[in-house]
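Asker: Submitted below is the structure of interest, expressed as structure tokens.
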Amino acid sequence: MANINPTENGVVVIKIPGNPEINDFKDARDFINNSQGLKEIRLDLKDVSFLQSKFIAELIAIKKLSTLKNSKLILTNVQEGVFQMLEISNLIDHFSIGKDFRSYEPNELIYLLMDPELNDSVIEFIANNFDDTFRNLIAEFLKSEDPILIEAAVMIIGKSHSFDMVEEVKKCLTSPFPNVVRGAILVLGWFGEEDCKGEIYQFLKSEHIDVAEAAAATISLLADENDSIAIKEYLESPDERLRRIAIQALSLINDDFSYKFLLEHLGREKDEQLRTQLAKAISYYNKPEVPGILLSMLSENSIKIREAAASSLVRIKATDKIDDILELVSDKDVWVAYFAVKAVGALCKSQKCVDVLVKNYPKVDTQVKIAIIEALGNIGLDCSEFIFQLVEDENEDIRKEALNSLALINSDMAAEAAYNALNDKIWVVRFKAIEIIEDKKPADYKDKLKDFLKTETNRYVREKIQSIVGEL
Amino acid sequence: MIISSTIKMKDEEFAELADIIYKNAGITFTINKKYLLENRLTKRLSELNFSSYKDYIYYLKYDVKRREEMKVLMNLVTINETYFLRERAQMDHMIKKVIPELVSKGKRSFKIWSAACSSGEEPYSIAILLNEEGLYGKYNFDIYATDINTEVISIAEKGIYRSVSFRGVTPSIIEKYFVKNGLDFQLKPEIKSKVKFFQANLMESLASSKIGMTDFIFCRNVLIYFDVEAKKKVVDMFYKTLQIGGQLYLGHSETLSKIDDRFKMVNFGSGIAYVK
Ligand SMILES: C[S@@+](CC[C@H](N)C(=O)[O-])C[C@H]1O[C@@H](n2cnc3c(N)ncnc32)[C@H](O)[C@@H]1O
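As given, the protein sequences belong to chains D and E, one line each in that order.
Mapping of the first sequence onto our numbering: residues 376 to 847, in sequence order.
Mapping of the second sequence onto our numbering: residues 15 to 290, in sequence order.
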């Protein structure tokens, strides 16, 4: 017998038994038929490991019925064998598929926690539905010797804001398992447990990078002005890793002291990796001299440092440095040029920038060409003729970006170009064309897309269209 | 640099990345797993100074280092969960039932392929059980183990494990085959030397040609990540590379139903084998 469980808010869960019979599906249909105002139907297939072909027709019937009744149908907890069956019958695209952890007993949830794909969502689920049953469950976890379960317990305590269990979390700081320690450090940070800060400092030196990074994050959450000074000491360490963690912690603290220390350190640090990191760290401070510092780092020899400096210039809005940045557009390193173009696109609104980009276009590598087209779209000044010819370029990414930029600059041309691009042989271009059509909504576009769907074979493009015109 | 929040992925970027991953490894990501990709790739993006997945996609397509980056990407997107003696019934079936039958027909040499071995727990479990059954010395066994992920292969080659790898393994087995060193369990050399590891992508036909004709294939808990088309391709490759009468073992939720009907399905009670 199908187990039917309606809830108050218009959601019904219908559970199909392990070895289903036709009647189970009929029950489901009758129920749906006789109900009013069902918003969502969850057909729970948790216990069904395999579906005979004759049931496929039943599923389709339920789908049709729910569409008719304006209810959303979700197949939940679908097992591999059933999934494969739906895929082979070409039905996968027509059903929404999801997980519903409520169908699982606590001990079954343990099993799901072990699945790295589900681990996070199970933790979220338990935290959001935290009650005495789950309280007992995580007490078990904490007693176990399995690092995955203990970590899950700690994260659940954190995410459910169960402050009363904070002592359990503190105990985990001495766990032999690095993942558990990391979790405990993070949760103590969320809980604002300042009296643990001293103890957490020692983890900055942990041999496990995840633990050290978590310590840096938590210390920055709990920091007052003394912490920047305390961490500054670590910048002097001969241990490159410790300096790295110190830079990280300081940049997360993000106060005036930490800025001063990072800047001083930039004058001394020789290690390439760390200078790269410093370029990024400094760019997170909103200080007038930062753009100048980043520009000066662009004349260093290391490509890595130059790339980091250039990409940081994109992030900060260094409008007054636009002339310097424009020069980098023709830089010999592809990625420096790439980031410079991105910065120009983000900062500039003048014709001069457009001219420089267009002039450089023929001389640069493909990635930079693509970035130039994107930047021209962001700048938004009319250069639609230049871009329109690129819609026919032989490279698909150029065609795609050209469509995108055209849409930003000139709506009418874009809609026309997008319709033409529906015949492009490369799917990414068709996908972009559909996005543009969806955005511009030209007359009768839904009908045209429906028509187009009949011949489209690429799964991503199909999904995209279905999401616009509605399923089945 | 710590990124406190993940970089969000646009639908378009998701489709392109999913396609790149699918074409390269057969692994399918559906849109409801977008967050998984975000979680796994955010750090890599920031290492490369990128702020969007689009930048990363172009890096994968156009940069001089794109080949190496593809390996990095594969290491990031594969799920490598595994443990010793997982779904042991199939191993027992091979060792206690099929091998003795073949021996009685005069066979003395066996080749076993663990085709998605992750960090090595599966092929080492096979070696341990062969040893427990006293078959080493009597007959000749070649165990090959491959995976697309270069990081797990290097863990496997080291043979050092943590307690999570021993879910449900009896202490006596652990004691007999591992040396405990702090939190580490080091596999003893007599078992370690029994397995040969190398990187191989099941979507490339080269994978099987490196192994040659084989008697047993373990390909467990990996086809679930593939779509039907990719499954068919891999299973066809297995078919061609198995000896007549050779056995293919899949994960407990995986099935060849409608994928390949050339295999004979044998349900031996506690598990299933597909026989050529
Ligand atoms: C969940 S593990 C399974 C490990 C082991 N067979 C077991 O059952 O415990 C799946 C493994 O498949 C590997 N894999 C995924 N796609 C692959 C491909 N195209 N070729 C080879 N290995 C692949 C992953 O790297 C991962 O290590």
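Idealized CB from N, CA, C, for every residue including glycine.
Ligand 1 and Met217(E): does any heavy atom of the ligand fall closer than 7 Å to the residue's C-beta?
Answerer: yes
Asker: Mapping DSSP to helix, strand and coil, what is Cys131(E)?
Answerer: coil
Asker: Leaving out five residues before and five after Phe761(D) in sequence, what residues of the same chain have Cβ atoms less than 7 Å from its Cβ?
Answerer: Val733
Asker: When Cβ atoms are compared, which residues of the segment 142-166 of chain E fall closer than 8 Å to chain D?
Answerer: none
Asker: Leaving out five residues before and five after Lys262(E) in sequence, what residues of the same chain have Cβ atoms less than 6 Å from its Cβ?
Answerer: Note on identity: in this sequence residue 262(E) is Leu, with Lys being the wrong assignment. Closer than 6 Å at the Cβ level, and outside the excluded window around Leu262(E), lie Ile231, Phe252, Tyr288.
Asker: Is the beta carbon of Leu579(D) sitting closer than 8 Å to the one on Ala528(D)?
Answerer: no
Asker: Closest Cβ-Cβ distance between Ser267(E) and chain D: below 8 Å?
Answerer: yes
Asker: Under 7 Å Cβ to Cβ from Asn215(E), same chain only, skipping five residues before and after it: list those, please.
Answerer: Ala39, Ile162, Ala221
Asker: Please tell me whether, using a cut-off of 7 Å, the distance from the CB of Arg100(E) to the nearest non-hydrogen atom of ligand 2 is below it.
Answerer: For the structure depicted, ligand 2 is absent and the ligand set comprises only ligand 1.
Asker: Is the Cβ-Cβ distance between Ala170(E) and Cys233(E) less than 8 Å?
Answerer: no
Asker: Please compile the residues from chain D whose C-beta is within a distance smaller than 7 Å of the C-beta of Asp33(E).
Answerer: Here the neighbours are Tyr835.
Asker: Can you find the residues in the same chain that come closer than 8 Å, C-beta to C-beta, to Leu488(D), ignoring five residues on each side of it along the sequence?
Answerer: Cβ within range, chain order: Asn494, Val497, Ile498, Ile523, Leu524, Ala527.
Asker: For Ile286(E), write down the residues that DSSP places opposite it in a beta bridge.
Answerer: BP columns for Ile286(E) point to Asn281(E).
Asker: Using 10 angstroms around the beta-carbon of Phe240(E), count the other beta-carbons present and answer buried if the total reaches 16, otherwise exposed.
Answerer: buried
Asker: Cβ of Leu703(D) within 8 Å of Cβ of Ala685(D)?
Answerer: yes
Asker: Compare the beta carbon distance of Gly690(D) and Ser65(E) with 8 Å and say whether it is the shorter of the two.
Answerer: Reading off the sequence shown, one finds Arg at residue 690(D), where the question assumed Gly. In this structure, Ser65(E) lies closer than 8 Å to Arg690(D) by Cβ.
Asker: Can you list, in chain order, the residues of its chain with a C-beta nearer than 7 Å to that of Lys607(D)? Leave out the 5 residues immediately preceding and following it.
Answerer: Phe636
Asker: Kindly indicate which residue of Ile628(D), Glu682(D), Glu769(D), Asn661(D) has the alpha-carbon position closest to the one of Gln344(D).
Answerer: Since the displayed chain D opens at 376 and closes at 847, residue 344(D) lies outside it and no answer follows.
Asker: Quick check: what's the CA-CA separation for Ile34(E) versus Glu462(D)?
Answerer: 20 Å
Asker: Spell out whether any CB of chain D is found under 8 Å from the CB atom of Tyr288(E).
Answerer: no
Asker: Are there 16 or more other CB atoms within 10 angstroms of the CB of Gln726(D), so buried, or fewer, so exposed?
Answerer: exposed
Asker: Starting from the beta carbon of Ala29(E), find every residue of chain D whose beta carbon is closer than 7 Å, and list them in chain order.
Answerer: Phe806, Tyr835
Asker: I need the straight-line Cα distance from Ser424(D) to Leu256(E), nearest angstrom please.
Answerer: 28 Å
Asker: Does any CB atom of chain D fall closer than 8 Å to the CB of Asn46(E)?
Answerer: yes
Asker: Name, in chain order, the residues that DSSP records as bridge partners for Thr123(E).
Answerer: The identity of residue 123(E) in the sequence shown is Ser, whereas the question assumes Thr. Partner(s): Asn154(E).
Asker: What does the alpha-carbon distance come out to for the pair Phe806(D) and Asp740(D)?
Answerer: 24 Å
Asker: Compute the beta-carbon to beta-carbon distance between Leu673(D) and Lys696(D), rounded to the nearest angstrom, for a pair I have assumed lies under 8 Å.
Answerer: At roughly 11 Å, the Cβ-Cβ gap does not stay under 8 Å, so Leu673(D) and Lys696(D) are not in contact.
Asker: Determine the closest residue to Val248(E) out of Tyr76(E), Met227(E), Asp274(E), with distance taken between C-alpha atoms.
Answerer: Asp274(E)
Asker: Quick check on DSSP: helix, strand or coil for Asp161(E)?
Answerer: strand
Asker: Does the Cβ-Cβ distance between Asp468(D) and Glu776(D) come in under 8 Å?
Answerer: no
Asker: Since Glu101(E) meets chain D, which of its residues come closer than 9 Å, beta carbon to beta carbon?
Answerer: Within chain D, no residue comes near Glu101(E); the closest Cβ sits about 14 Å away, beyond 9 Å.
Asker: Hey, does Lys272(E) have any beta-carbon neighbour from chain D nearer than 8 Å?
Answerer: yes
Asker: Quick check: Trp802(D) and Val766(D), are their CB atoms within less than 8 Å of each other?
Answerer: no
Asker: Following a CB-centred definition, is Ala39(E) positioned closer than 7 Å to any heavy atom of ligand 1?
Answerer: yes
Asker: Starting from Glu415(D), trace the beta strand (DSSP E) in both directions and tell me its first and last residue.
Answerer: 415-419
Asker: From the DSSP secondary-structure annotation, give me the bridge partner or partners of Asn378(D).
Answerer: Lys390(D)
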